Structure formats: structure tokens, C-alpha cells
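Asker:
Residue numbers (UniProt numbering): 1 to 501.
1. Pull up the CB-CB distance for residue 85 and residue 122, whole angstroms please, since I reckon it's below 8 Å.
2. Mind checking residue 44: buried by the 16 CB within 10 Å criterion, or exposed?
3. Here's the rule: buried if 16 or more other CB atoms are within 10 angstroms of the residue's CB, otherwise exposed. What is residue 363?
4. Hey, quick one: how far does the beta strand (DSSP E) through residue 39 stretch, first residue to last?
5. For the beta strand (DSSP E) that residue 442 lies in, which residues bound it at each end?
6. Residue 266 by DSSP, collapsed to three states: which one?
7. Going by DSSP in three states, residue 503 sits in which element: helix, strand or coil?
8. Residues bridged to residue 499 by DSSP?
9. Give the DSSP-derived three-state secondary structure of residue 11 in the structure shown.
10. Could you name each continuous beta strand (DSSP E) segment of 3 residues or more that falls completely within the UniProt domain "Flavodoxin-like" (6-150), going from the start of the chain to the end?
11. My parser needs the beta strand (DSSP E) runs of 3 or more residues fully inside the stretch 286-358; what are they?
12. Rounded to a whole number of angstroms, what is the C-alpha to C-alpha distance between residue 185 and residue 420?
13. Can you give me the start and stop residues for the beta strand (DSSP E) that residue 182 sits inside?
14. If residue 204 sits next to residue 329, beta carbons under 8 Å apart, how far is it from one beta carbon to the other, in whole angstroms?
15. Would you call the stretch 49-64 and the stretch 100-119 in contact, with 3 or more CB pairs under 8 Å?
16. Closest to residue 322 by CA distance: which of 428, 481, 352 and 226 is it?
17. On the DSSP letters alone, give me the boundaries of the alpha helix (DSSP H) that residue 461 sits inside.
18. Which one of 13, 52 and 24 has the shortest CA to CA distance from residue 513?
19. Which of the three DSSP states is assigned to residue 468 in this structure?
20. Check the C-beta distance from residue 142 over to residue 95 and give it rounded, since I have them as a contact under 8 Å.
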């Protein structure tokens, strides 16, 4: 997902609006947005139709006149020949700086805001009307307005405060191994992200470009068409859904078109169908009597909603855009145990990801949405479509359920077969840095040569006395072999026992 660029345009007579515009630019840089800050008349207004995100900051002079450095822009924008929808692809916000002791208080900002709406621009929030006469000055309006602005920006685009660059993606299994497992490292410097051993990284995956294009083609959708969703009755608008939103973004980031559909999906799909044969089949799948057949068609082979649409082309063509959020579930966040410690890897967050892929009777292999999406990101390629030649992933940290003892003398026993070892790697790195040496790890893998994750790290910790490692065979067998050690640790030293995987 490509983070947005921000254009800040200002009209300033005395320098106040310019100062505010530059302040917004600095805030954007801290949030890792590409940003340009320009006087309105230094900007080619004809390019405005191709901008994604624009903030206008302007003052009012004389008797409701625009500042000198925005008069050319002003004349162009108010040409009657401009088409009504010419700015439909632009999201914008307007901040006015004025003095309420004057009769034309913030006249330019109000008029500009109204004109942008007439030209079809997507307005992120009401026009801000800062007033020098306020007891706290103009900042009494500017500060909360900017707070609301950034909130709307990061509803439109995954929060760049939680958007972390993918730095490394290293395979931790041998190329010949049946399971593709990767260690992904994210740069969290400047994000304010903090975590401890046992915490979890949360992220929203995206559907593949191929699936999104297929979806739009099947439904006859214009991917760049924009819409604004409004709540109806007691229904709530999904909190992550930006307003306005493009159909491409909806299909890419919100609709779980790759999920195995439920019975209710077929029931609703049948109501759209004008094709008698397809409608009868859909009604059969949604009936109580047809559940065995539905299981064989959908659940057993793990057929996706997108593949169902392909099988029912006439019905798919009848689907109304208004019902997409009723028909498809919203993509849910995925969680990964954090596999690193800030003490060992400052400003970095690592996760261990097993790429899910398996076969059913379907021609295409079944793939896990999030793991496949993460595996498709290549930090080494430097794709132009990603900001600053980097690959970014929206994520945040959630407190985990694994809590490790604070006392240095309390032994910790961990059993982590396969990728279940991830949170224990984080714990061991953290405990090693804190001088906590009473650690026992039981790690299980299928092949010592192919999927012995982090072998060199475990062996190094063993040499330095920070870890007793038990591996190679089934975890339960090693636990049985070390029964005396475990019982002594638990019964006599109050050890804590953890298992994951």
C-alpha cells in the first residue's frame, strides 16, 4: 500500500498563513508523508486534478480579497468553464486565518471551500476558521482543526504513525523444505512503538492486485470511481472505511473477497439474480436441505467468494454496488507474535511468518491472505510505487497474553514447536539483556538441516549460559526426558511454564 503525498498550498499577505502552512508541512514530515509546501501562485493550478491530498491555508485581505500570492490561482479556479466534477479525485481541506473584527471574516477561505465542493472535491472536514480575536489566538482553532485533519487523513490511509518500512525479509527454512517460513524485520524508528516479550504485532492485509482487478472486471466496476458511504438506520459505517473512498481501495483493503463464503452470502446473492438457473442454484445452496451440497461445493475445497462470483457470472453482473458491504465481510486484522526484543534490535520489530499454501481439488492452490501478501513484498526491489523507495506495512502492537516474570531468579520453561518459538525468541533476547539466565527452551522441528529456526542464536545463548536448549525430536519426548529438571524448577523454584504453537 502506497502512503499518500500531501500538497500544502497557501495564500499569505503578511506571512502568517505561510508560517501555518510550513507548520503543517513539518507535521507531515514527522508522519513520513511526502510533502510539498508552495504559495498558490507558484503552483500550476492545472495540475490540481491529479493531486490526491491537498490542504489550502489562506488569509483574507482588504474587503474580502485574496492575498497577492494567490490571485492567479483564484481567477482560474472561479472560471465558469471548469467542469463540475473536475476535482472528484482530490481530497482536500481548507484552513482560513482571519480576524472576526472585520466584516469579511475569513471570506476567502469560506468561498474557496464552497468552490472546491462545487468542483467535486472530497472534503475531509469543515473549513477551519481561525480567529485572531479569540482569547487564545488563532491556535485555539488551528490546533484542534489539525488534530481532526490528521485523524481524517489516517482514516483515508493506514496511519503512517503505525506504518513501518519493511527492511528485511529473510527465509529461515531451506529452499527444499516444503514450508516457506520467513523472518520479516520492520523499521519502527520514530514511530513511538513500544513492545515487550509476549506482545503481538497486528496488521491488516490486502487482497492481491490480480484478485482486485478480477473482482472489478466481474462486477463491471470502474476501479477509480469514488463513493461516500453513509449510515442507514442503525447500521454503522465501518470505522476503517475512508469517506470518500475509491472502489479499488474498497476491494483491495476492506472486502474479504478471498474468504470462503457463508450460507448467508448465497442467500443474498440469490436476491440479485435475474438468471433463473443461477438463482435456483443459489437458493438451493442457501436452503437447509442444500447444506451438504454447499459443503461439497464451497467448504471442503475452500472455494473463495471471488471464485463463486466467477461461477455465477450473470448474477454477479446484477450485483448492486450499494450492497457490497452486506455481501462481503470486512478483512479482519491478523496477529503475529513479535519475535524480537528492542534490547537486541533497537528500532526494529521482527515477526516469523509461515506462508500458508495448500492444495484442494481446486485448480489454484489455496493461499493465506496475510502471509501471501507479506511474502509478496520485496524490500530489496525499491519499487517506485512505494514512498521513498521502501515497502511499508500498516501495523500496530497489541499487548499479548504471555507475561514473563520480572524476578531474575524465577526459571522460565518454554515449549515452542515450529513458528511457535517466535515469542520465546523475543523473551530470551529480553531476558539475556537483563541478565536472567534461568531459561529452558524446548524447540521442535521436522528437520535439523531445513527448519531449525535461529539455531546459531540458541547455540550462542547456550555457550554463554543464558539458555538450556532441548531440540531435534518431538517436544513431548524431550519434556519426558528432562522430567527431573522440570519438576525441580517448578516445585522448588516456582518456575513458569509457557507453550506456544
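Yeah, the Cβ is synthetic: ideal placement off N, Cα and C, and Gly gets one too. Remember, it's a predicted structure, so these values are computed and weren't measured experimentally.
Answerer: Straight from the coordinates:
1. Contact doesn't hold; Cβ gap of about 11 Å is too wide.
2. exposed
3. exposed
4. 34-39
5. Going by DSSP, residue 442 is part of the beta strand (DSSP E) stretching over 439-442.
6. Here residue 266 sits in helix by DSSP.
7. The chain is shown from 1 up to 501; residue 503 falls before or after that span and cannot be answered.
8. 415
9. strand
10. 34-39, 53-59, 91-98 and 128-131
11. 334-337 and 348-354
12. 17 Å
13. Counting along the chain, the beta strand (DSSP E) containing residue 182 begins and ends at 181-187.
14. Contact doesn't hold; Cβ gap of about 13 Å is too wide.
15. Contact holds: three or more Cβ-Cβ distances are below 8 Å.
16. Comparing C-alpha distances from residue 322 to each of 428, 481, 352 and 226 shows the shortest one belongs to 226.
17. Per DSSP, residue 461 belongs to the alpha helix (DSSP H) from 455-463.
18. This structure leaves residue 513 out entirely; the chain is present only between 1 and 501.
19. It is a strand residue.
20. Correct: roughly 7 Å between the Cβ atoms.
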